[in-house]
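**Student:** Here it is, the structure, as structure tokens.
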Amino acid sequence: MREAGEGRYGTQARIVLRPLANPLPLGFVGLAGATLLLSGLQLGWLEAEEGQAVALALIAFVFPLQLLTSIFGYLACDVVVGTGMGILCGTWLTTGLIVLTSPPGAASDALGLFLLLAATAMLIPAAAASAAKLVPAAVLGGAALRFAVTGVYELSGSGSWEDLAGVVGVALCALALYAALAMALEDAGGPTVLPLGRRGDGRIPPAARLDAELGGVEREPGVRSQL
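Positions -19 to 207 (my numbering) are the ones given, in order, by the sequence shown.
Shown next as structure tokens:
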């Protein structure tokens, strides 16, 4: 609990803080599962008829995990997590619904155009994250690249672009799993085992002094008068 001081009427405002675990490992695991399944279709590891099963996995597994991550990201006043995971969960839900209702193996111009928009939108949280943690920024940037390449394939129907999208998806899966493991180990309270490329304000470790963590809480969204 932090007291903000006396106001013009001699009252005190108290800010109640609820500790939250880092939700990003959950969201990154969801991202890894989504991009791996889609790569399986694009690289021919899965038959085209498996597209409906992949779509159901995106809707039933990936979407709720990333939606939950986005919600808790905003509750923790982390705009990068909230925005990035919000874009991801909406993109995977849209992709799953379109694949579910399309003929097996069919490309979609509408999905392609939407994925290009999603790729551009993902650059926003990726750019914001790069100021503090390079590995999570790389995951978000990799998701932008994955959406962009897949969007070009959906618009062109080119087999070469489909293969490239699959390869990018597999690489993104590995990077997302690394980031999830590194952040989970760090948030568990142990020493930093896997580096996250922290810099700037991101150099403050999770176990830092409370004063350092709460230094600007009075200016956080939900506390200040305007967003």
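Yeah, the Cβ is synthetic: ideal placement off N, Cα and C, and Gly gets one too.
1. In this structure, does DSSP put Arg126 in helix, strand or coil?
2. Glu142 lies in the alpha helix (DSSP H); which residues open and close that run?
3. Verify whether the separation of the beta carbon atoms of Leu77 and Ile39 is less than 8 angstroms.
4. Determine, for Leu161, whether the minimum Cβ-Cβ distance to residues of chain B falls below 8 angstroms.
5. Taking the alpha helix (DSSP H) that Leu6 falls in, what are its first and last residues?
6. Quick check: the Cα distance between Phe43 and Leu21, rounded to an integer number of angstroms?
7. Assuming Trp25 is part of the alpha helix (DSSP H), what are its boundary residues?
8. I need the boundaries of the alpha helix (DSSP H) containing Leu77, first residue and last residue.
9. Does the stretch 139 to 153 come close enough to the stretch 9 to 24 to have 3 or more Cβ pairs within less than 8 angstroms?
10. Please report the distance separating the alpha-carbon of Leu0 from that of Ile67.
11. Would you tell me roughly how many angstroms separate the C-alpha atoms of Ala112 and Leu157, rounded to the nearest one?
12. Below 8 angstroms, can you find three or more Cβ-Cβ pairs linking the stretch 81 to 89 to the stretch 28 to 36?
13. Can you tell me the Cα-Cα spacing of Arg126 and Leu103, whole angstroms?
14. Enumerated in chain order, which unbroken segments of the alpha helix (DSSP H) with a length of 4 residues or greater are wholly contained in the stretch 84 to 120?
15. Answer yes or no: do Leu4 and Pro116 have a C-beta to C-beta separation smaller than 8 angstroms?
16. Residue range of the alpha helix (DSSP H) that Ile51 falls in?
**Tutor:** Considering the structure as presented:
1. Residue numbering aside, residue 126 sits at position 146 when the sequence shown is read from its first letter. Helix at Arg126.
2. Position 162 of the sequence shown, counted from the first residue, corresponds to residue 142. Start and end: Gly139 to Asp167.
3. In the sequence shown, residue 77 corresponds to position 97, counting from 1. In the sequence shown, residue 39 corresponds to position 59, counting from 1. In this structure, Ile39 lies closer than 8 angstroms to Leu77 by Cβ.
4. Among the chains in the structure shown there is no chain B, since it carries only a single protein chain.
5. Your numbering for residue 6 matches position 26 in the sequence shown. Unbroken alpha helix (DSSP H) run through Leu6: Leu4 to Gln22.
6. If you number the sequence shown from 1, residue 43 lands on position 63. If you number the sequence shown from 1, residue 21 lands on position 41. Distance between the alpha carbons of Phe43 and Leu21 is about 19 angstroms.
7. The residue you call residue 25 lines up with position 45 of the sequence shown. Neither: Trp25 is in no alpha helix (DSSP H) and is coded neither H nor E.
8. Along the sequence shown, one-based indexing puts residue 77 at 97. Under the DSSP assignment, Leu77 falls in the alpha helix (DSSP H) whose first and last residues are Val59 to Thr81.
9. yes
10. If you number the sequence shown from 1, residue 0 lands on position 20. If you number the sequence shown from 1, residue 67 lands on position 87. Approximately 21 angstroms, taken between the alpha carbons.
11. Mapped onto the sequence shown, residue 112 falls at position 132. Mapped onto the sequence shown, residue 157 falls at position 177. Roughly 19 angstroms separates the two Cα atoms.
12. The stretch 81 to 89 is in contact with the stretch 28 to 36.
13. Reading the sequence shown from its first residue, position 146 is the one you call residue 126. Reading the sequence shown from its first residue, position 123 is the one you call residue 103. Approximately 12 angstroms, taken between the alpha carbons.
14. 89 to 109
15. Residue 4 sits at position 24 when you count from the first residue of the sequence shown. Residue 116 sits at position 136 when you count from the first residue of the sequence shown. Yes, they are a contact pair.
16. Reading the sequence shown from its first residue, position 71 is the one you call residue 51. Taken as a continuous stretch (DSSP letters only), the alpha helix (DSSP H) holding Ile51 covers Phe43 to Leu55.
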